[in-house]
Amino acid sequence: MPVKGPCSRITSWLLAFSLCGWILAQDPSCCQHATEPLCREACDQLGTIKSESRLRHLLLRLPNYCPESMNELWTCVNSTLPGVSRKSEGWVGLGCCELAISAECRRECKQAASKNDITKICKKDSEKPLYSCITKNEMGSTCCGYAGRHTTCREYCQAIFRTDSSPTVSQINAVKDYCQSHSAQLMGCVGNYTKSYPIRSPIDSLYCCDRAADPHCQVACRRILRTMSTEHEIMEGLIEECGSQPLPQDPLWQCFLGSAQPPTKPDEEPSAPAKMDRAKLHCCAKANASLCSQTWQEFDQLCEYNRGETELIACLADVREPCQLGCKGLGYCTNFNNRPTELFRSCSVQSDQGAMSDFKLWSNGTIKMPFMNIPVLDIRTCLPEMWKAIACALQTKPCHSKSRGSVICKSDCVDILTQCGDLTRFHDGQTPERICDLLSPIDQPELCIPLHRYLNPSSIDNSASDEVIHPCNPNPCPSNHLCQVNRKGCHDDFNCQPYFCVPGCKLGDASDFLVQIDTRIQVPTLSGQAGCFEVCVCGASGRLEDCMDMPCVDTSKTCVVGGQRKNHGVSFSVDCNPCSCFAGDTVCSTRPCLSLDSSDDQRQRFTGLPCGCPERFVPVCAANGRTYPSACVARCMGFKDHHFVYGHCRNTDPCSTKPCQRNQRCVPKRRVCLSRSSDFPCRQYECVGRPAGCDKSQLDPMCDTDGGVHANLCQLHQSGKTLAYVGQCQDACRKWQPVCGQNSETYNTVCEAFSDRVAVDYEGACQAVGTVSDYALDSGCDLVVCPPPSNPACVPITPPGACCPVCASILQILWNQEQMNVFAELNKDKPVTVQDVLQILRLHVSVPQCDLFGYLSIDHELVVVISPLEHVPTPLQVEACSKEAEKIDSLINHGSPTLVSHVPLSAFLTSEARGPVMRSSGASASPSLLGVLLILLGLLLPITM
């Protein structure tokens, strides 16, 4: 859409912006000719905006606020710039600049006047998302330009090109309704564009009607497909006339939903198989109705507004647009900016523009939905800020960290339709309550989006929002790469970024869901049989390779608990223990519990340790590599006496027996194994040969026991040194200063503990065992001196088995032992370790100011700690870490493919989250020794912004 007035006729965009801003600042009388409120508001803003990016954005959109029919306004502005050089078109690629991968290209794009100005800096082979967006905008500008002065036609046309995926049938029909009588050229242009997408005409499915068993259904099917146009109408009509739900095993529905292809003639080639998205296949098990098919376009549209499919809808949304912390840089939805601790699915320039276009379309008096039209009054005068918040919320999609839902609260929906709905045009039976019961049926604050939050700007200013950054939001990487936070620091690299772009694999030809190369992934088998999966590896080719079938899980089996049946996958509690039903087996944690009717004697003897073990701290090292506080606790966890030895695991020398061959070197490799098998024990060492050469480009800093740093582990081994800890060497860790980890293991230094992904409990060697129960009356930690809270305003919590409270969020995860064993067997008998799990989970923490630690508790829950890294974290940083924990907790409890596709995280059953509370701000605290070490560690704070 070319910008009207002088801004479209000046050769240099920079000159245009400065002049237009100057004109309206010096001669604001031009804005008096703006006869519409939105136009007047936009015009007034032009003279006051200081941000170049916002000024560019508003100028580009100015014709949408101020149509060319406002001759007096444009004449006034033009008359102020006599003799300016003319240009016929605006820069249609401006809205695409944020998609540029490199910062240099992004900057060049924003300053360009045309596509030709960016080709030297922005290479087409490395900036495909940018050029794809520009091409689409150019097509849209050309096609929609044929609308001339017909504003409504132009807006519906632009909606076609704003759509990232296939344009919907309702969008195409809207263009036909409003543009067909105005411009045959526009219709032909749009038609050529939409033909590139696989949009199916209803009459193309007429052959499916022959597969219905009932003659009446066959006749009705043909009539419905010839007379009805939308998917919703067709589906409803077939269900009503044929008297059956759309089950994929029914021949009619199997054909109509797209899993079968039209019969081919003898001289025709068979149709290509439907492209698959195996990440979405995970979601099929969450459908209440059996509607999964291989034609995702129809499937998505059918389920999108079905309120009975909330789990399915959230699952599909996770695959397409995972919830991410942070929103900023929006020019229209400005109230959504500066929200670094809130989650959004689509905070982007495209969503910002989409919200603006939606508001303009709604201003025509009708909100068009896929299955209904909602008549409204003039939203430019009736609660315009509320309508703007709705448009922005629908586009940016705020999502709750617990429910992951993006539904606007029902009370807000009813309120705005009651006040601004055009009741005189409502169809029979339509009321605000009935409409909202379909669109926004939820009114629970923890599950829906309250609009009042976005009626005003965020209370967080720009300077405070910098306390929490989001290097991967928006995604700066190419489409076939994943973005990961840089936690490794920089090694002789002056162009170091706070993120890495790592190559990945798509989970199917039709998938946009990426996993990192060499990652092991669990995906449903292509047969579609419930409970059947295979484990594959993301190969260097960018495709899933080396797939191996897993034993199928019988999801039809139920568990009987307290006389009640629980379905597979359902989580519940028994006493104080979280439980889950897995294929007929009830899996529970083994937390010590006290019931309400416990006697005084029972309460007196209750220690809070498994099996009522005494609080004596006589540590033993078990065969899984975990140190337990006593032999009693180890026996309670299933270890026989010959499965453990007295002492801490880290005090034993696994290489003392010289287990390696002569041409190999024994290197200690401490780990705690989650899988158990006598066939492949949890060895605490590995045998390495002398490498002939190492990849010097691989950056993963290692510090040896002599204080020397190596680029990676290979180079450390090649030099014959011994690993002290992962990360850059720290002066504060050159001298041994023992600390006790939250896992009751003594480490020589803080750096060594962090290298093991374990947070520190207290200074000095471990001397006590913390309880794992909230009901314990006494604790063995009474004599432990704990460090002060990292923030005096924080009400901290104590991780299970630790002694000292921390200002961090805690996850306690219940997992399936049998599944872990299966994964180990499929991985060539390599055990699954706690470190493996934590390394994958750590990738889901998107804020560099937070990091993830964890350990196996003494009662065999996986404890994950997400902690701020600053020695005195701000309330915003504490909140961000809590949100990260809530996000991961929700992904586990809802079985989201975003997380459970990864092996071994797919063995997770349920999770419980706890977080700290911040009081009103207090005085700054002096950092403890541990706090100073935290801030010094390059391992934890490698990023310089």
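Under mature numbering (1 follows the signal peptide of the UniProt record, and there is no 0), the residues of the sequence shown are numbered -25 to -1, 1 to 920, in order. C-beta atoms are modelled at their ideal positions from N, C-alpha and C, and glycine is treated no differently.
Ranked by Cα distance from Tyr168, the first of Asn112, His191, Arg81 is Asn112.
Under the DSSP definition of a beta bridge, Tyr830 partners with Val838. Asp293 sits away from Ser652, with the two beta carbons spaced by 9 angstroms or more.
The beta carbon of Asp19 lies closer than 6 angstroms to those of Cys6 in the same chain, with the five residues before and after it left out. When DSSP states are grouped into helix, strand and coil, Val490 belongs to the strand group. Counting only the Cα atoms, Val490 lies some 19 angstroms from Pro104.
Comparing alpha-carbon positions, the option among Val510, Gly506, Gly514 lying closest to Lys532 turns out to be Gly506. A contact between stretches requires three or more CB pairs, one per stretch, nearer than 8 angstroms, and the segment 642 to 651 meets this requirement with the segment 792 to 812. The C-beta separation of Ala134 from Leu352 comes to about 22 angstroms, leaving the pair out of contact by the 8 angstroms criterion.
Taking the Cβ atoms as the reference, Cys554 lies roughly 4 angstroms from Cys563, within the contact range of under 8 angstroms. In the same chain as Cys164, and ignoring 5 residues on each side of it, the C-beta atoms closer than 7 angstroms to its own belong to Thr117, Cys118, Tyr121, in chain order. DSSP places Trp711 outside both helix and strand once states are collapsed to three, so it counts as coil. Per the coordinates, the alpha-carbon of Val67 lies some 47 angstroms from the alpha-carbon of Phe883. For Val620, the enclosing beta strand (DSSP E) stretches over residues 619 to 621.
Of the residues Cys217, Leu181, Leu213, the one whose Cα lies closest to the Cα of Asp189 is Cys217.
In this structure, the straight-line span from the alpha carbon of Leu482 to that of Arg253 is close to 5 angstroms. Non-local beta-carbon contacts of Ile76 in its own chain, meaning distances under 7 angstroms to residues more than five positions away in sequence, involve Ser101, Glu102, Pro451, Cys452, Pro453 in chain order.
Annotation: the continuous alpha helix (DSSP H) that includes Gly329 extends over 324 to 337.
Glu861 and Leu422 have their C-alpha atoms spaced approximately 13 angstroms apart. Between the alpha carbons of Ala783 and Asn599 lies a gap of roughly 27 angstroms. Nearest to Asn766 by C-alpha distance, out of Gln659, Ser694, Tyr621, Thr849, is Thr849. Of Ala485, Gln325, Lys303, Leu398, the smallest CA-CA separation from Cys447 is found for Lys303. Counting only residues of its own chain and dropping the five nearest sequence neighbours on each side, Gly829 has a CB closer than 7 angstroms to the CB of Arg732, Val809, Leu813, Leu837, Val838, Val839, Val840.
Annotation: the continuous beta strand (DSSP E) that includes Pro499 extends over 495 to 499.
The DSSP-derived three-state label of Thr117 is helix. Under the three-state reduction of DSSP output, Thr399 falls in the helix class. The straight-line gap separating the alpha-carbon atoms of Cys556 and Pro585 is approximately 22 angstroms. Using a 10 angstroms sphere on the CB of Thr399, the tally of other CB atoms stays under 16, which defines it as exposed. Contact annotation: Cys374 and Cys298 have beta-carbon atoms nearer than 9 angstroms. When DSSP reads this structure, Cys458 sits in a beta bridge with Cys476.
For the pair Ala515 and Ile424, the CB atoms are not nearer than the 9 angstroms cut-off. Judged by DSSP in its simplified three-state form, Ile135 adopts helix.
Inclusion of Gly301 and Asp327 in the CB contact set at 9 angstroms is not warranted, their separation being larger than that value. Remark: C-beta atoms of Cys458 and Ile417 do not approach each other more closely than 9 angstroms. The beta-carbon distance between Gln712 and Thr721, rounded to whole angstroms, is 11 angstroms. This is too long to meet the 8 angstroms contact definition. Taking a 10 Å sphere around the C-beta of Glu284, we find 16 or more other C-beta atoms and assign the residue as buried.
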